[in-house]
Amino acid sequence: MATIHIERVIEASADFVWDRLRDFGALHTRVAPGFILDTLVEGDVRTVTFDGGLVMRERLIAIDDDHRRIVYSILADLFEHHSASNTVVPEGEDRCRFVWVVDFLPAEPKARIEGMMNAGADAIKAAMEKAAG
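Residues in the sequence shown are numbered from 10 upward in steps of one, following the numbering used here.
Following this line, the structure appears as structure tokens:
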């Protein structure tokens, strides 16, 4: 099993960031525009198209408003197991911490996945800070 844990401090309120992040179908418009080109939701599954053409299907597992946490799983033959969570932690009135944790099997694509997650976290930080203006 591989685990990747990534964090970014975002200069925006936790409520502002959470309102956008919890919108399961709006990755391409409210969370990481440019990095995510399209998001299509059918029931509890979203199909995400990334910049560069990669397409992944993700199943929503939980949205926890009390803890500002969303959990999803990638549905792909690449993984025997995949679980991811995004959490928004307040750090003052106009600042928060975005925490992204992913566990998956097999562990071999760890470097590639970590690179994508870092690029995604940077895109999320930039988009949130720009929107919070």
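Even for Gly, the Cβ is constructed at its ideal location relative to N, Cα and C. All of these numbers come straight from a predicted model, not from anything done at the bench.
Between the C-alpha atoms of A116 and M10, what's the straight-line distance to the nearest angstrom?
Between A116 and M10, the alpha-carbon positions lie close to 6 Å from each other.
List the whole-angstrom C-beta distance separating E100 from A21, where the pair is believed to meet the contact cut-off of C-beta under 8 Å.
At roughly 11 Å, the Cβ-Cβ gap does not stay under 8 Å, so E100 and A21 are not in contact.
So is E102 buried or exposed if we call it buried at 16+ other beta carbons inside 10 Å?
The residue is exposed, with fewer than 16 neighbouring Cβ atoms inside 10 Å.
Just to confirm, is the Cβ distance from R66 to T56 under 8 Å?
The answer is yes: Cβ separation under 8 Å.
Could you tell me the boundaries of the beta strand (DSSP E) in which A71 lies?
For A71, the uninterrupted beta strand (DSSP E) run begins and ends at 64–73, by DSSP.
Jot down the residue ranges of each uninterrupted beta strand (DSSP E) in the segment 65–135, minimum 3 residues, whole runs only, in chain order.
Whole beta strand (DSSP E) segments, 3+ residues: 78–83, 90–99, 105–114.
M126 versus D24 - alpha carbon distance:
Taking the straight line joining both Cα atoms gives about 22 Å.
Would you list the residues sitting across from L49 in a DSSP beta bridge?
Beta-bridge pairing links L49 to T56.
From which residue to which residue does the alpha helix (DSSP H) around R17 run?
Here R17 belongs to no alpha helix (DSSP H); instead the beta strand (DSSP E) covers 11–19.
Does the distance from the CB of A85 to the CB of I15 come in under 8 Å?
With respect to the 8 Å criterion, A85 and I15 are not classified as neighbours on the basis of their beta carbons.
Would you please state the rounded distance, in angstroms, between the beta carbons of I79 and R31? I believe it to be under 8 Å.
At roughly 6 Å, the Cβ-Cβ gap stays under 8 Å, so I79 and R31 are in contact.
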